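*Asks:* Quick note: the numbering used here has the sequence shown finishing at residue 671, numbered continuously throughout.
The C-beta atom is built at its ideal place from N, Cα and C for all residues, glycine as well.
This structure is a prediction, so every number in the text was calculated from the model and none was measured.
Structure below; questions to follow.
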Amino acid sequence: MSNGFFGKVLWVDLTKNSFEEEVLPENMYHQFMGGYGLGCRLLYERMDSKVKPLSPESIIGFFPGLLTGTAAPFSGRFMVVGKSPLTGTWGDANSGGTFGPAIKKCGYDGILVKGAAKNPKYISIIDGNIEILDASDIWGKDVIESELFLKNKHGKLIKTAGIGLAGERLSKISGIANDKGRIAARSGLGAVMGSKKLKTIVLKGNKKVLISNRENFLSLIKEYHKATKIKPLSPMKKNILSKIFGMVKSIRRLKIGMAASPTLMRTIYRYFGTTIGNVISAETGDSPIKNWSGIGMYDFPYEKSKLLSSVNINKYKVKEYGCFSCPVQCGAILKVPELDIKEMHSPEYETCCSFGSLLLNNDLLSILKINDLCNRAAIDTISTGVTVAFAIECFQNNLLNLDDTGGLDLMWGNSKSVVELVRKIILREGIGDTLADGAKIASEKIGKNSKQYAITSFGSEIPMHDPRYFKSLAFTYAFDPTPGRHTAASIDFSEIGPYDKFEKSLNLPKKWKKNEEKKAEAQAINTGFHQILNCAGMCMFSPSFGPYPFIDLLNSLTGWNTNIDDYIKTGIRIQTLRQAFTIREGIIIAQNELPDRIIGLPPAEKGPHKGKTVEYKEFYKEFCNRLGWNPENGYPLKKTLKDLDLEFVIKDLY
Ligand code: SF4
Numbered sequence: 018m019s020n021g022f023f024g025k026v027l028w029v030d031l032t033k034n035s036f037e038e039e040v041l042p043e044n045m046y047h048q049f050m051g052g053y054g055l056g057c058r059l060l061y062e063r064m065d066s067k068v069k070p071l072s073p074e075s076i077i078g079f080f081p082g083l084l085t086g087t088a089a090p091f092s093g094r095f096m097v098v099g100k101s102p103l104t105g106t107w108g109d110a111n112s113g114g115t116f117g118p119a120i121k122k123c124g125y126d127g128i129l130v131k132g133a134a135k136n137p138k139y140i141s142i143i144d145g146n147i148e149i150l151d152a153s154d155i156w157g158k159d160v161i162e163s164e165l166f167l168k169n170k171h172g173k174l175i176k177t178a179g180i181g182l183a184g185e186r187l188s189k190i191s192g193i194a195n196d197k198g199r200i201a202a203r204s205g206l207g208a209v210m211g212s213k214k215l216k217t218i219v220l221k222g223n224k225k226v227l228i229s230n231r232e233n234f235l236s237l238i239k240e241y242h243k244a245t246k247i248k249p250l251s252p253m254k255k256n257i258l259s260k261i262f263g264m265v266k267s268i269r270r271l272k273i274g275m276a277a278s279p280t281l282m283r284t285i286y287r288y289f290g291t292t293i294g295n296v297i298s299a300e301t302g303d304s305p306i307k308n309w310s311g312i313g314m315y316d317f318p319y320e321k322s323k324l325l326s327s328v329n330i331n332k333y334k335v336k337e338y339g340c341f342s343c344p345v346q347c348g349a350i351l352k353v354p355e356l357d358i359k360e361m362h363s364p365e366y367e368t369c370c371s372f373g374s375l376l377l378n379n380d381l382l383s384i385l386k387i388n389d390l391c392n393r394a395a396i397d398t399i400s401t402g403v404t405v406a407f408a409i410e411c412f413q414n415n416l417l418n419l420d421d422t423g424g425l426d427l428m429w430g431n432s433k434s435v436v437e438l439v440r441k442i443i444l445r446e447g448i449g450d451t452l453a454d455g456a457k458i459a460s461e462k463i464g465k466n467s468k469q470y471a472i473t474s475f476g477s478e479i480p481m482h483d484p485r486y487f488k489s490l491a492f493t494y495a496f497d498p499t500p501g502r503h504t505a506a507s508i509d510f511s512e513i514g515p516y517d518k519f520e521k522s523l524n525l526p527k528k529w530k531k532n533e534e535k536k537a538e539a540q541a542i543n544t545g546f547h548q549i550l551n552c553a554g555m556c557m558f559s560p561s562f563g564p565y566p567f568i569d570l571l572n573s574l575t576g577w578n579t580n581i582d583d584y585i586k587t588g589i590r591i592q593t594l595r596q597a598f599t600i601r602e603g604i605i606i607a608q609n610e611l612p613d614r615i616i617g618l619p620p621a622e623k624g625p626h627k628g629k630t631v632e633y634k635e636f637y638k639e640f641c642n643r644l645g646w647n648p649e650n651g652y653p654l655k656k657t658l659k660d661l662d663l664e665f666v667i668k669d670l671y
């Protein structure tokens, strides 16, 4: 008998106003672990293909990772799964905080919701008592107001995950927020919840995950903490570090982000979070500029971007904050008197760039305001920023005018207009209604050649990392079964920080950079590994912090004796099923093409990407060959499906 999971999930049917537990076979955990792996296995079987994502037949699931709920460092994540209303592909979104462990504390490995209520509801699972309750008091409230209301009603110890105004209005770029505005943002799954009239899930429990080899498990964690402890920095040292990171050009030359020691990486994340990239990435060419048509050093030079630096953001920091079981704590809570905001999450790099360099906006306060608006509305900041950039470019090219925008002057860098436009998108007010489902759908509504300004991959807004800088991002942006994501196992992206030390501790492929021929193989292995990292509930930054006893922790928890190769095979099984889910919808993701701009067509004439065009299609073919998929159409081969124990997929694809 394995441990680490409860062996059951909870199904809630909002049409029938009922719920039931389902016991899952142990083998399912061996084969799909937890998180979106388990979610994909269940949804593939239980949700017919061609079900409309916003129909009652659509299923949405909430799955903690396999390690989630334990003290394993960085393991507190959960995943929301479903069919994406934005792309029609397999959809998943990931969030940290404390909601994932709360699912486990209720004694479940997942909560799945089907059907649709007639009136707003919330699901309450408190100390074993499951209820579907009236949500009319919180429908129309933002996620923070709603969380506070529910805490007043059910006690401070509850954890919640729910939609804000964007999800209520079925925005296809809306997400699901927990812990006062952390969002499982991507794939538009907030709209699925909204279509079911499900406002929130409330959790509280005290169940404990059983650990097979508790002594070893705890000793591994103790040793990890001992070896990786971050010493608190004195104000003077913080000041010195801030000054160093103000010297962006030197940092760029040193390529410090790529080569830093584990201790330095943890310290950087602790004190600056992901916003450490705000200025450096604009300089190096990682950040997209002016809706991917500009060049950082000319259009958004240091003199402008420095106003968005993490050092400037830290001036508003009142405390450090992080996910359950995380020793790094890369988040922060800010207080912004100028905006009358007493408490808000610090923005991430993706948000700062989506509303910063992408729009040529260096007004930090406007970005903080937008971050708070988006978190409260639970809308994806990447998708919203990209959609705003699209609208600005349409306006600049006379495809939208002042009448269309309700008087908003959509100029590059006009922060006031951008804040107002975001508010309209959240409320679907005027032009906001045109834009509320993302850039691709907006371009279909606007027509008139506007498509060229919608920088999306299969309808999903492309995040804030340039494939001309991290080359293999092009192929994950294009071809992952959830397209347009920077969190999808790009091998270059996995090189940030002392990843090599992490690789060494796990025997993962290394030094692929020196051997281009092995690159596709390394990418295939990395893809498998990335799935198990996610499905264990691990933070994607964890490999950037050096050696980590990942496999030993998994085996001590479960009692399995699985080696890295078998875990990677599990990851490839999960990726293959995600791929099959998308293909079953009639989508040949292998034929997807990226917008010309992001791959350098035509190549830039100056700047860090001068002369570069990214080839990604041939690389995908090699990658398919390594995974046992047909390189022409991405279909997993029958033999591969049999080898991976996915025979049940064959009838759907062949
Ligand atoms: S590093 Fe940051 S995002 Fe990752 S688990 Fe820690 S606090 Fe959460």
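Roughly how many angstroms lie between the CA atoms of residue 19 and residue 81, to the nearest whole one?
*Replies:* 17 Å
*Asks:* When you compare the CB positions of residue 460 and residue 380, do they come within less than 7 Å of one another, or not?
*Replies:* no
*Asks:* Chain C beta carbons: is any one of them nearer than 7 Å to that of residue 386?
*Replies:* The structure shown contains no chain C; it holds only a single protein chain.
*Asks:* Please name the residue in 622, 355, 562, 669 whose C-alpha comes closest to that of residue 90.
*Replies:* Taking only the C-alpha atoms, the option nearest residue 90 is 562.
*Asks:* Can you list, in chain order, the residues of its chain with a C-beta nearer than 7 Å to that of residue 490? Leave out the 5 residues immediately preceding and following it.
*Replies:* 482, 484, 503, 507, 509, 510
*Asks:* If you draw a straight line from the alpha carbon of residue 575 to that of residue 341, how long is it in whole angstroms?
*Replies:* 20 Å
*Asks:* Would residue 662 be called buried (16 or more neighbouring beta carbons within 10 Å of its own) or exposed?
*Replies:* exposed
*Asks:* Helix, strand or coil for residue 96, going by three-state DSSP, please let me know.
*Replies:* strand
*Asks:* With DSSP collapsed to three states, give me the class of residue 118.
*Replies:* helix
*Asks:* Is it the case that the CB of residue 556 approaches a heavy atom of the ligand SF4 more closely than 6 Å?
*Replies:* For residue 556, the shortest C-beta to heavy atom distance toward the ligand SF4 is below 6 Å.
*Asks:* Scan the segment 349 to 375 and note each continuous alpha helix (DSSP H) run of 4 residues or more that stays entirely inside, going in chain order.
*Replies:* 366 to 371
*Asks:* My parser needs the beta strand (DSSP E) runs of 3 or more residues fully inside the segment 59 to 104; what are they?
*Replies:* 77 to 81, 95 to 100
*Asks:* Just checking residue 39 against the ligand GTP - is the residue's beta carbon closer than 6 Å to any of the ligand's heavy atoms?
*Replies:* Of the ligands one can find in the structure shown, namely the ligand SF4, none is the ligand GTP.
*Asks:* Among 473, 356, 127, 449, whose alpha-carbon lies nearest the alpha-carbon of residue 309?
*Replies:* 473
*Asks:* Whole angstroms is fine: what's the gap from residue 471's alpha carbon to residue 406's?
*Replies:* 8 Å
*Asks:* Report the option in 429, 401, 670, 148 whose CA atom is closest to the CA atom of residue 456.
*Replies:* 401
*Asks:* Got a sec? Which residues, its chain only, sit under 6 Å from residue 335 by beta carbon, not counting five neighbours each side?
*Replies:* 350, 352, listed in sequence order.
*Asks:* Using beta-carbon positions only, say whether residue 305 and residue 375 come within less than 7 Å of one another.
*Replies:* Contact flag set, yes.
*Asks:* When you compare the CB positions of residue 343 and residue 292, do they come within less than 7 Å of one another, or not?
*Replies:* no
*Asks:* Leaving aside the five residues before and after residue 329 along the sequence, list all residues of the same chain whose C-beta is less than 7 Å from its C-beta, in chain order.
*Replies:* 381
*Asks:* At what residue ranges does the segment 432 to 469 contain a whole run of the alpha helix (DSSP H), taking only runs of 4 or more?
*Replies:* For the segment 432 to 469, whole alpha helix (DSSP H) runs of length 4 or above, ordered along the chain, are 432 to 444, 448 to 452, 456 to 463.
*Asks:* Please report the distance separating the alpha-carbon of residue 208 from that of residue 516.
*Replies:* 36 Å
*Asks:* Examine the ligand SF4 and report whether any of its heavy atoms sits within less than 6 Å of the Cβ of residue 348.
*Replies:* yes
*Asks:* Assign residue 231 to buried or exposed, taking buried as 16 or more other Cβ atoms, counted over all protein chains shown, within 10 Å of its Cβ.
*Replies:* exposed
*Asks:* State the Cα-Cα distance for the pair residue 123 and residue 468, rounded to the nearest angstrom.
*Replies:* In a straight line, the C-alpha of residue 123 is about 46 Å away from that of residue 468.
*Asks:* Curious, which full-length alpha helix (DSSP H) runs of at least 4 residues does the segment 195 to 230 contain?
*Replies:* Whole alpha helix (DSSP H) segments, 4+ residues: 206 to 212.
*Asks:* Which partner residues does residue 288 have in the DSSP bridge list?
*Replies:* Under DSSP, residue 288 forms no beta bridge with any residue.
*Asks:* Going by DSSP, what residues sit across from residue 139 in a beta bridge?
*Replies:* 150, 217
*Asks:* Would you tell me roughly how many angstroms separate the C-alpha atoms of residue 288 and residue 331, rounded to the nearest one?
*Replies:* Cα to Cα, the separation comes out at about 8 Å.
*Asks:* Does the Cβ-Cβ distance between residue 655 and residue 648 come in under 7 Å?
*Replies:* no
*Asks:* Is residue 108 helix, strand or coil when you go by DSSP?
*Replies:* strand
*Asks:* For residue 77 versus residue 393, is the C-beta spacing smaller than 7 Å?
*Replies:* no
*Asks:* Measuring only from the beta carbon, is residue 343 closer than 6 Å to any heavy atom that is part of the ligand SF4?
*Replies:* Answer for residue 343: yes, Cβ within range of the ligand SF4.
*Asks:* Could you name the residues that DSSP lists as bridge partners for residue 602?
*Replies:* Answer is none; residue 602 lacks a bridge partner.
*Asks:* Comparing the CB of residue 340 with every heavy atom of the ligand SF4, is any distance shorter than 6 Å?
*Replies:* yes
*Asks:* Anyone know if the C-beta pair for residue 201 and residue 111 falls short of 7 Å?
*Replies:* The Cβ atoms of residue 201 and residue 111 sit closer than 7 Å to each other.
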